[in-house]
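These protein sequence lines map, in sequence, to chains A and B.
Just so we're aligned: 273 in my numbering is position 273 of the first sequence, and the numbers increase by one with no gaps anywhere.
Just so we're aligned: 1098 in my numbering is position 98 of the second sequence, and the numbers increase by one with no gaps anywhere.
Beta carbons: idealized from backbone N, C-alpha and C, even for Gly.
Structure first, then comments.
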Amino acid sequence: MATQLPEPIIEQTYYLNMGPQHPSTHGVLRLFLKLDGEYIIEADPIIGYGHRGHEKMAESHLYEQFLPNASRMDYLSGLIFNHGYVAAIEKMAGIEVPPRAEYIRVICAELNRISSHLLWFGTYIMDLGGFTPFLYAFDDREIILDILDRVTGSRLTYSYCRVGGVAKDVDDEFIAATRGFIQRLRSRWEDYHNLVTKNVIFIHRTKGVGVINREIALRFGCSGPVLRAAGVVYDIRRVEPYSVYPDLQFEIPTGTAGDAFDRYMVRLQEIEQSLRIIEQALERLPEGPIRGRAPRNVRPPRGDSYFAVEAARGALGFYIVSDGTRYPYRLKVRAPSFGNLQVLTEMLPGTLVADTISILGSIDIVVPEIDR
Amino acid sequence: MWHWLVTVLGPDVVRLAVSLVAIIALVQVNALFLVWLERKVAGHIQLRLGPMEVGPHGILQTLVDGIKLVSKELITPRHVDRKLFVLAPIVVFLPVVSSFIVIPFSEHLQIRDLNVGVLLIFAFSTFNVLAILMGGWAANNKYSLLGAIRSVAQSVAYEIPLLLVVLNVLLWTGSFQMSAIVEAQSGRWNAVWMPFAALIYLICATAETNRAPFDIPEAESELVAGFHTEYSGMRFALFFLAEYSNMLIVAAVATTLFFGGWKSPPFLGFLPVPGVLWFFSKTYALVFGVVWVRWTFPRLRFDQLMNFSWKVMIPASLIHLVVYAGIIKLIR
């Protein structure tokens, strides 16, 4: 007579793929999660779904021909990528940029930073379930896009900077519209803070969620708001100053806890600081030419050079290796989202699946710039 | 012909048949109206207009959306549990039709004034949970299952405070009969002297119908579409329809239990407004509030949602019950 031994309960962990097609992964990111119920045990971001071979394209394009590619890598901070790329070439080739062009570049770059942060703000809250702030943010962002459209010719993927300056001059209407926009955005802060920052549900979803502390952030090479929210005061505009940033007064907002809420506050404060920068730059905008002397096809001398700028998502670096010809031998782009994303491998285990969206959104990655 | 039908089948049967037709008509028209209302309210909150093209101010939009859904192919994926997959959208409709039977639209407009009216409504509302679980399980994929499981846990958790606050009303009225509850509010609406009960009821009702900020089971940005990911065409339309009808039911029940049903506010009794109109205006005012909340707040994380129920709602409703039981005893 055999007694039936009770079958042991086998607890199994299961694998869940978030993406590559997913409404909230901001691009074609695949997060391979190993789950135990609702808790994440392992997280593995799988990238490469958006690889388009930009760096390889650079090797067969003239330096000037690569300019449109630059802004398509991170389409949300296209102007800053423009700026970084041409500044890297100018540094290598020793080309002077007239002050008016520098100021115009800074104004446009900061407008671009604001529009990127506004988009992030809208989509982050939308991922959390609040559909309304998205439209408010886009309403403001449309004004920036219209301003930049008038002067650069495009709304999102700009090819505005040229080696030695910018393509087209700004006129009085640009200055008036930008000033009007600054007024308008400042008047909207109350709306944004009332609707989102003080919302108890939002606070519960972001406070204490996704803590990236200083040690992890430094180890993974994070930069930008992710690093600053962890308490490290590191902004390329201050640490390795470029363009006319040394002459402008602005603060670097930092956080203390490194959680999603801190990253949110850091980005909102960065928008305010960008507004300050634009104001000062508009005041000080000098007269003069907008393009310096540069050869039609620039040939930087043999050698290599690295140039970093502060993009909306962090430290953006262009490493150019030149062999003296009109075509780069190698162009390597250090995209900020790459390091920021890798933090997930260490930080996600132990959190809930439902928090993944909140954490991923708060890091603010743009997958095309990771994949290039 | 009516005379012949009534004599052959008996007045009750004819009355029942007519009222069932009327309920289904009400449910459909309500869905038509409510979907349009939601889209318009959402639009205006978001600084845009909402549907404007189809019909004046987009009023026919839902109708044409319905036609579109009906004309879609009913795709049954190969890997699903066929019987449950087909059954789930039908089961989700059971509580809708049956709950409308006992709701007093006015003094004389009530299909069956059962003496266990309230009990019937809350008993049938549990079918929602069953239908969602069936839908999520049958779809045979992890996302849907996660959505279904969450929905079950959420519904169970929020039913408890819901029933506890309804108990307050029942203690005062002394009967489960819906018409009696309305009659007991002739002097003063229940919401006036039990405001917390009304508030707790409305919060729990929003959670029961899976509306934001409690809409984790169908969280669009987290689990694609939750438990109804795999449904298309008319099956999806049925889930959709059921959700909007449930909204109407909980608002109607809230009106009856807390806001005086078809009675006018005491100080406006002189107005020649029929009871039905009062009933529907109060109900739709509550529905508007639910829609408003949806487009304002982000979503609660699932464990926060459960914590809110077990640690905040249930103690609050228990204390409320004890306190008001004492008050009612003192008054009587």
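Thinking just about the alpha-carbon of each residue, which of the options is nearest to the one in residue i?
{"i": "residue 1149 (chain B)", "options": "B:1244, B:1237, B:1133 and B:1275", "result": "B:1133"}
{"i": "residue 18 (chain A)", "options": "A:44, A:36 and A:12", "result": "A:44"}
{"i": "residue 1163 (chain B)", "options": "B:1330, B:1153, B:1183 and B:1123", "result": "B:1123"}
{"i": "residue 31 (chain A)", "options": "A:357, A:152, A:364 and A:235", "result": "A:357"}
{"i": "residue 1239 (chain B)", "options": "B:1107, B:1166, B:1250 and B:1096", "result": "B:1096"}
{"i": "residue 1047 (chain B)", "options": "A:140, A:226, A:292 and A:351", "result": "A:140"}
{"i": "residue 313 (chain A)", "options": "A:294, A:261 and A:236", "result": "A:236"}
{"i": "residue 1101 (chain B)", "options": "B:1321, B:1015 and B:1206", "result": "B:1015"}
{"i": "residue 275 (chain A)", "options": "A:184, A:163 and A:199", "result": "A:184"}
{"i": "residue 329 (chain A)", "options": "A:335, A:319 and A:363", "result": "A:319"}
{"i": "residue 12 (chain A)", "options": "A:94, A:35, A:29 and A:193", "result": "A:35"}
{"i": "residue 1074 (chain B)", "options": "B:1168, B:1089 and B:1167", "result": "B:1089"}
{"i": "residue 376 (chain A)", "options": "A:71, A:350 and A:161", "result": "Outside the displayed range of chain A (1 to 372) lies residue 376 (chain A), so it cannot be described from this structure."}
{"i": "residue 334 (chain A)", "options": "A:310, A:346, A:27 and A:355", "result": "A:310"}
{"i": "residue 267 (chain A)", "options": "A:362, A:27, A:370 and A:337", "result": "A:362"}
{"i": "residue 1295 (chain B)", "options": "A:131, A:120 and A:108", "result": "A:131"}
{"i": "residue 1247 (chain B)", "options": "B:1022, B:1010 and B:1033", "result": "B:1033"}
{"i": "residue 214 (chain A)", "options": "A:182, A:168, A:203 and A:254", "result": "A:254"}
{"i": "residue 248 (chain A)", "options": "A:279, A:59 and A:92", "result": "A:279"}
{"i": "residue 243 (chain A)", "options": "A:69, A:165, A:51 and A:68", "result": "A:165"}
State the Cα-Cα distance for the pair residue i and residue j, rounded to the nearest angstrom.
{"i": "residue 110 (chain A)", "j": "residue 359 (chain A)", "result": "25 Å"}
{"i": "residue 1223 (chain B)", "j": "residue 324 (chain A)", "result": "At residue 1223 (chain B), the pLDDT of 49 sits below 50, so the modelled position is not reliable; the number obtained from the coordinates is stated separately. Cα to Cα, residue 1223 (chain B) sits roughly 53 Å from residue 324 (chain A)."}
{"i": "residue 290 (chain A)", "j": "residue 138 (chain A)", "result": "31 Å"}
{"i": "residue 1160 (chain B)", "j": "residue 252 (chain A)", "result": "50 Å"}
{"i": "residue 288 (chain A)", "j": "residue 170 (chain A)", "result": "12 Å"}
{"i": "residue 205 (chain A)", "j": "residue 1301 (chain B)", "result": "7 Å"}
{"i": "residue 207 (chain A)", "j": "residue 1305 (chain B)", "result": "16 Å"}
{"i": "residue 1268 (chain B)", "j": "residue 1186 (chain B)", "result": "12 Å"}
{"i": "residue 1230 (chain B)", "j": "residue 1114 (chain B)", "result": "39 Å"}
{"i": "residue 1012 (chain B)", "j": "residue 1293 (chain B)", "result": "42 Å"}
{"i": "residue 1111 (chain B)", "j": "residue 41 (chain A)", "result": "55 Å"}
{"i": "residue 1065 (chain B)", "j": "residue 1079 (chain B)", "result": "28 Å"}
{"i": "residue 245 (chain A)", "j": "residue 46 (chain A)", "result": "37 Å"}
{"i": "residue 1037 (chain B)", "j": "residue 102 (chain A)", "result": "52 Å"}
{"i": "residue 37 (chain A)", "j": "residue 1170 (chain B)", "result": "40 Å"}
{"i": "residue 55 (chain A)", "j": "residue 159 (chain A)", "result": "17 Å"}
{"i": "residue 1045 (chain B)", "j": "residue 1028 (chain B)", "result": "26 Å"}
{"i": "residue 1221 (chain B)", "j": "residue 146 (chain A)", "result": "Note that residue 1221 (chain B) has pLDDT 44, beneath the 50 cutoff, so the model's placement of it is unreliable and no number is given."}
{"i": "residue 1071 (chain B)", "j": "residue 81 (chain A)", "result": "48 Å"}
{"i": "residue 1004 (chain B)", "j": "residue 1020 (chain B)", "result": "20 Å"}
{"i": "residue 1205 (chain B)", "j": "residue 1250 (chain B)", "result": "6 Å"}
I want to verify the contact list: residues of chain A whose CB lies under 8 Å from the CB of residue i, in sequence order.
{"i": "residue 1048 (chain B)", "result": "135"}
{"i": "residue 1142 (chain B)", "result": "14 and 16"}
Ends of the beta strand (DSSP E) at residue i?
{"i": "residue 60 (chain A)", "result": "Neither: residue 60 (chain A) is in no beta strand (DSSP E) and is coded neither H nor E."}
{"i": "residue 362 (chain A)", "result": "Taken as a continuous stretch (DSSP letters only), residue 362 (chain A) belongs to no beta strand (DSSP E), being part of the alpha helix (DSSP H) at 353–363."}
{"i": "residue 158 (chain A)", "result": "Unbroken run through residue 158 (chain A): none, as it is neither H nor E."}
{"i": "residue 303 (chain A)", "result": "303–311"}
{"i": "residue 44 (chain A)", "result": "39–46"}
{"i": "residue 334 (chain A)", "result": "328–334"}
{"i": "residue 32 (chain A)", "result": "30–36"}
{"i": "residue 318 (chain A)", "result": "314–322"}
Give the interface partners of residue i over in chain B, defined as CB-CB distance under 7 Å, in chain order.
{"i": "residue 95 (chain A)", "result": "Here the premise fails: no neighbours, minimum Cβ distance about 45 Å."}
{"i": "residue 139 (chain A)", "result": "1047"}
Residues of chain A with CB closer than 7 Å to the CB of residue i, please, in chain order.
{"i": "residue 1045 (chain B)", "result": "132"}
{"i": "residue 1213 (chain B)", "result": "129 and 201"}
Which residues in chain B sit within 9 Å of residue i, going by Cβ to Cβ distance?
{"i": "residue 175 (chain A)", "result": "The premise fails here: residue 175 (chain A) is roughly 27 Å from chain B at the closest Cβ pair, so nothing lies under 9 Å."}
Could you name the residues of chain B that residue i contacts, counting a contact when the two beta carbons are closer than 8 Å?
{"i": "residue 352 (chain A)", "result": "1301, 1302 and 1303"}
{"i": "residue 304 (chain A)", "result": "Chain B residues near residue 304 (chain A): none, gap ~43 Å exceeds 8 Å."}
{"i": "residue 435 (chain A)", "result": "Since the first and last residues shown for chain A are 1 and 372, residue 435 (chain A) lies out of range."}
Alpha helix (DSSP H) containing residue i: first to last residue?
{"i": "residue 1098 (chain B)", "result": "1094–1100"}
{"i": "residue 1194 (chain B)", "result": "Premise fails: residue 1194 (chain B) is in no alpha helix (DSSP H) and is neither H nor E."}
{"i": "residue 11 (chain A)", "result": "Residue 11 (chain A) -> no alpha helix (DSSP H), and no H or E assigned at all."}
{"i": "residue 1132 (chain B)", "result": "1117–1138"}
{"i": "residue 219 (chain A)", "result": "214–219"}
{"i": "residue 202 (chain A)", "result": "200–206"}
{"i": "residue 1297 (chain B)", "result": "Looking at the DSSP string, residue 1297 (chain B) is not in any alpha helix (DSSP H), and its letter there is neither H nor E."}
* Of all the residues that make up the region 1285–1318 of chain B, which are near chain A by a beta-carbon distance shorter than 8 Å? -> 1295, 1296, 1297, 1298, 1299, 1300, 1301, 1302, 1303 and 1304
* Residues of the region 182–205 of chain A with a CB closer than 7 Å to any CB of chain B: list them in chain order, please. => 199, 201, 202, 204 and 205
* **Members of the region 104–130 of chain A that neighbour chain B once the beta carbon cut-off is set at 7 Å** => 125, 126, 127, 128, 129 and 130
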